[in-house]
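What follows is a short report on a single structure.
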Amino acid sequence: STLNWYSMGTLDQQTDIMLSFNFIRGMLLLFNLLLWFAGLLIILTGIWLQTDFQNYLKISSGYSIYVPYLLLIVGGILVFAASLACSCIVKVDATMLVIYGGFLIAAMFTLILMSIYIYTYKDSVITELPAGIEREVNNYNAYKNDPFLANNATLIDYIQNNVSVCELKVELS
Numbered sequence: 489s490t491l492n493w494y495s496m497g498t499l500d501q502q503t504d505i506m507l508s509f510n511f512i513r514g515m516l517l518l519f520n521l522l523l524w525f526a527g528l529l530i531i532l533t534g535i536w537l538q539t540d541f542q543n544y545l546k547i548s549s550g551y552s553i554y555v556p557y558l559l560l561i562v563g564g565i566l567v568f569a570a571s572l573a574c575s576c577i578v579k580v581d582a583t584m585l586v587i588y589g590g591f592l593i594a595a596m597f598t599l600i601l602m603s604i605y606i607y608t609y610k611d612s613v614i615t616e617l618p619a620g621i622e623r624e625v626n627n628y629n630a631y632k633n634d635p636f637l638a639n640n641a642t643l644i645d646y647i648q649n650n651v652s653v654c655e656l657k658v659e660l661s
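Each residue of the sequence shown is one higher than the last, beginning at 489 in my numbering.
Structure, rendered in structure tokens:
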């Protein structure tokens, strides 16, 4: 091997360094793609909670209207940052890569904290759901007669029409 005076090593070492660098770039792009899909999945979960599943969660007194919005915001930030990070990885801008590394650390802590929050929130919703269902069923007739609470009666009707028990869907009249 001949010594290249413009670098810090032989040509074989330079080739090894470039292969390692390309491998790291490829792994960063793969990780970035996974982060982008995770952000998209978080956005879709937030949309699902805001639309379809919201009717089921409203019965529980542990329901929080902020969770779907939190998921939409965090997912949007992840998708946006992952999209920008792809360009800085392809262009190999050292400053942007350092900023991206800092963002990855912040995103990791955000996802961990959000996972803990959702896990504890899930327990709250599940434990309060039976009491909420019982309360709604007991007050069903009062809800029907009161125009301000008619939405709660509609909620019970919606759930009864859409929940199937033992794969048998019962149509109520």
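Heads up, the beta-carbon is just placed ideally off N, CA and C, and yes, glycines get one too.
Taking Cβ to Cβ, would you say residue i is nearer than 8 Å to residue j?
i	j	result
alanine 570	tryptophan 536	no
glycine 534	glycine 563	yes
leucine 528	valine 580	no
leucine 558	isoleucine 531	no
tyrosine 609	valine 555	yes
glutamate 510	cysteine 574	The sequence given here places asparagine at residue 510; glutamate does not occur at that position. No, these two residues do not count as a Cβ contact at 8 Å.
Does the Cβ of residue i have 16 or more other Cβ atoms within 10 Å, making it buried, or fewer, making it exposed?
i	result
tyrosine 588	buried
isoleucine 577	buried
leucine 516	buried
leucine 656	At leucine 656, the pLDDT of 47 sits below 50, so the modelled position is not reliable; the number obtained from the coordinates is stated separately. Classification of leucine 656: exposed, given that the 10 Å Cβ count is below 16.
With H, G and I counted as helix, E and B as strand and the rest as coil, what does DSSP make of residue i?
i	result
asparagine 627	coil
aspartate 611	helix
serine 552	coil
valine 567	helix
valine 580	coil
threonine 598	helix
threonine 539	coil
Using only the alpha-carbon positions, how far apart do residue i and residue j sit?
i	j	result
isoleucine 593	valine 586	11 Å
methionine 602	leucine 518	23 Å
leucine 572	aspartate 611	36 Å
threonine 539	isoleucine 614	19 Å
threonine 583	arginine 513	15 Å
proline 618	phenylalanine 597	33 Å
glutamate 622	isoleucine 553	21 Å
alanine 526	glutamate 616	29 Å
serine 508	isoleucine 565	30 Å
tyrosine 605	glutamate 624	27 Å
isoleucine 600	asparagine 627	40 Å
leucine 522	asparagine 629	50 Å
alanine 595	phenylalanine 541	26 Å
Using beta carbons (cut-off 8 Å, strictly below), is residue i in contact with chain C?
i	result
leucine 517	No chain C appears in this structure, which consists of one protein chain only.
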